[in-house]
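**Q** Numbering (my numbering), first residue to last: 28 to 463. Got a structure for you, questions after.
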């Protein structure tokens, strides 16, 4: 039976004592597991197969796409954003210029592209400054391209200082031919931003350009540039029906494409919140954000905020990291807040990062245990017993979780070891995967 898109299905977490455990409606889940730990087969793929509303999924592997594509096509439109063609299926087009034809829209588009620079620069002295400066540099370029029908090819060329006269002339014409005061003000704001950049000291200007060029370096590849010569993927196309968007990039491609992936993902999340607000606070169709490889493909800069607010907006968030070290490399001092903002937390087998193991051991709590001490001296020996506190489960024991299982910590509920539903060994999930 095809489920209704708004039936409010809850995320299934796994088996416990013969019963399926499901999360409360829209409670965010964060999971930690290395490759081959079951994070895709036991969490991400089942979530996509069973979700009845719109969904956005990120991954550095194609198994998530191949296992769920038929099912998601049955539910609605499917968009694949895979500029390097890793998945072997047609990749759809998307451009950061979508919506950048107003000054406000261009500022938002520039911020989204610069978001990855903000994350990558954490822990680097002055890193945030250069990310913000690059954002200010990109905004007028995106605005000009969107208003004149240019492409990201021209935007990239402008960041290398080519076509400066052409850029000035285009903005002047836009101001002269503006149909409304709003359009004229936007053209003037963009022109002023260009002039402000050009007035910077040579060294500062060079550093800003280098940051902007790094954010757009993916577009130097023809396959990536061609992915922006059109815009088949729009937030409303994804959110308006039980559609699906896959963002695919392997480890190498994901790093190169991170600013582009983040810009697209942020555009969809922003629009989801706008639509929810317009509908009285909740999306009419529940949205699944399944961020497999959340630390590699598209590490949302405001992930902690989304994890906290998504449930009330009818958004189900699933964030999957290798370990806390990976989360910390992306979010720095905010990593703990990011993790703790998810109501449900899972540890999968094989995690070797000691910080991650200690974190979960600490959440399990402690117990009082007798500590027997024997003392030997000239007068003989004596025994004394004291009570000391020790972890309920040592970190090294958590590393030895059995394959196909996970430790689940959920709100105030007692910790539990659950058996993951591997999609390939679950009859119902296999049936869903074959549909289409």
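Yeah, the Cβ is synthetic: ideal placement off N, Cα and C, and Gly gets one too.
Evaluate the contact criterion for the segment 264 to 277 versus the segment 98 to 115: three or more CB pairs, one atom per stretch, below 8 Å.
**A** The answer is yes - the segment 98 to 115 touches the segment 264 to 277, with three or more Cβ pairs under 8 Å.
**Q** If distances are taken between C-alpha atoms only, which option among 297, 377, 275 comes closest to residue 96?
**A** Position 69 of the chain shown, counted from the first residue, corresponds to residue 96. Ranking 297, 377, 275 by CA distance to the CA of residue 96 puts 275 first.
**Q** Using the C-alpha atoms, what's the distance from residue 183 back to residue 248?
**A** Against the chain shown, residue 248 aligns to sequence position 221. Against the chain shown, residue 183 aligns to sequence position 156. One C-alpha to the other measures close to 11 Å.
**Q** From the DSSP output, in three-state form, read off residue 444 for me.
**A** In the chain shown, the residue the question calls residue 444 occupies position 417. Reduced to three states, the DSSP call for residue 444 is strand.
**Q** Would you tell me roughly how many angstroms separate the C-alpha atoms of residue 238 and residue 348, rounded to the nearest one?
**A** In the chain shown, residue 238 corresponds to position 211, counting from 1. In the chain shown, residue 348 corresponds to position 321, counting from 1. Whole-angstrom Cα-Cα distance: 27 Å.
**Q** Could you tell me if residue 125 is buried or exposed, where buried requires 16 or more neighbouring beta carbons within 10 angstroms of its beta carbon?
**A** As a working mapping, residue 125 is identified with position 98 in the chain shown. The residue is buried, with at least 16 neighbouring Cβ atoms inside 10 Å.
**Q** Could you tell me which whole alpha helix (DSSP H) segments of length 4 or greater appear in the segment 179 to 221?
**A** 179 to 186, 191 to 203
**Q** Give the list of continuous alpha helix (DSSP H) stretches no shorter than 4 residues that lie fully inside the segment 79 to 164.
**A** 90 to 102, 130 to 147
**Q** Could you tell me the distance, in whole angstroms, from the CA atom of residue 460 to the CA atom of residue 85?
**A** Within the chain shown, numbered from 1, the residue matching residue 460 stands at position 433. Within the chain shown, numbered from 1, the residue matching residue 85 stands at position 58. Answer to the nearest angstrom: the Cα atoms are 18 Å apart.
**Q** Given a threshold of 16 other Cβ atoms within 10 Å of its Cβ, counted over all protein chains shown, does residue 245 qualify as buried or as exposed?
**A** Reading the chain shown from its first residue, position 218 is the one you call residue 245. Buried is the call here.
**Q** Over what stretch of residues does the alpha helix (DSSP H) that includes residue 267 continue unbroken?
**A** By one-based count along the chain shown, residue 267 stands at place 240. Note, residue 267: premise wrong, no alpha helix (DSSP H); not H, not E.
**Q** Buried or exposed for residue 187, please, with buried defined as at least 16 other CB atoms from any protein chain shown within 10 angstroms of its CB.
**A** Translated into the one-based positions of the chain shown, residue 187 becomes position 160. If you draw a 10 Å sphere on the C-beta of residue 187, you find fewer than 16 other C-beta atoms in it, and that means exposed.
**Q** Specify, as a first and last residue, the run of the alpha helix (DSSP H) that residue 334 falls within.
**A** Translated into the one-based positions of the chain shown, residue 334 becomes position 307. Residue 334 -> alpha helix (DSSP H) spans 330 to 336.
**Q** Using 10 angstroms around the beta-carbon of residue 29, count the other beta-carbons present and answer buried if the total reaches 16, otherwise exposed.
**A** Within the chain shown, residue 29 is the residue found at index 2, counting from 1. Note that residue 29 has pLDDT 40, beneath the 50 cutoff, so the model's placement of it is unreliable and the number below is only indicative. Exposed.
**Q** With DSSP run on the structure shown, which of helix, strand or coil describes residue 463?
**A** As a first step, residue 463 is located in the chain shown; it is residue number 436 there, counting from the start. Unreliable positioning characterises residue 463 in this predicted model, as indicated by a pLDDT of 47, which lies under 50. A coordinate reading is not provided.
**Q** Across which residues does DSSP place residue 41 in a beta bridge pair?
**A** By one-based count along the chain shown, residue 41 stands at place 14. BP columns for residue 41 point to 48.
**Q** Residue 314 lies in the beta strand (DSSP E); which residues open and close that run?
**A** Locating residue 314 in the chain shown gives position 287, where the first residue counts as 1. That run of the beta strand (DSSP E) goes 314 to 318.
**Q** Check for me: the alpha helix (DSSP H) holding residue 351 runs from which residue to which?
**A** Residue 351 sits at position 324 when you count from the first residue of the chain shown. Run containing residue 351: 351 to 358, per the alpha helix (DSSP H) assignment.
**Q** Is it buried or exposed, residue 67, if we count other Cβ atoms within 10 angstroms and call 16 or more buried?
**A** The sequence position of residue 67 within the chain shown is 40, counting from 1. That one is buried.
**Q** From residue 452 to residue 73, what distance separates their C-alpha atoms?
**A** Numbered from 1 along the chain shown, position 425 holds the residue referred to as residue 452. Numbered from 1 along the chain shown, position 46 holds the residue referred to as residue 73. Rounded to whole angstroms, residue 452 to residue 73 spans 11 Å at the Cα level.
**Q** With H, G and I counted as helix, E and B as strand and the rest as coil, what does DSSP make of residue 32?
**A** The residue given as residue 32 occupies position 5 in the chain shown. Summary for residue 32: the model assigns pLDDT 39, below 50, so the residue's position carries little reliability, and this model does not support an answer.
**Q** Touch check for the segment 47 to 66 and the segment 277 to 292: three-plus C-beta pairs under 8 Å?
**A** no
**Q** Evaluate the contact criterion for the segment 418 to 430 versus the segment 376 to 394: three or more CB pairs, one atom per stretch, below 8 Å.
**A** The segment 418 to 430 is in contact with the segment 376 to 394.
**Q** Examine the Cβ distances between the segment 194 to 201 and the segment 210 to 217 and report whether three or more of them are shorter than 8 Å.
**A** yes
**Q** Around the Cβ of residue 171, are there at least 16 other Cβ atoms within 10 angstroms (buried) or fewer (exposed)?
**A** Numbered from 1 along the chain shown, position 144 holds the residue referred to as residue 171. It counts as buried.
**Q** Sort out for me which residues DSSP pairs residue 343 with in a bridge.
**A** Residue mapping note: residue 343 aligns to position 316 of the chain shown, counting from 1. Answer by DSSP bridge pairing, in chain order: 315.
**Q** Report the residue from 304, 353, 358 whose alpha carbon sits nearest the alpha carbon of residue 340.
**A** Residue numbering aside, residue 340 sits at position 313 when the chain shown is read from its first letter. Nearest of 304, 353, 358 to residue 340, Cα basis: 304.
**Q** Inspect the beta-carbon positions of residue 142 and residue 136 and report whether they are closer than 8 Å.
**A** Along the chain shown, one-based indexing puts residue 142 at 115. Along the chain shown, one-based indexing puts residue 136 at 109. For residue 142 and residue 136, no; Cβs fall outside 8 Å.
**Q** Do residue 138 and the ligand ADP come close, with the Cβ less than 7 Å from some heavy atom?
**A** Absence of the ligand ADP is noted for the structure shown, with no ligands found whatsoever.
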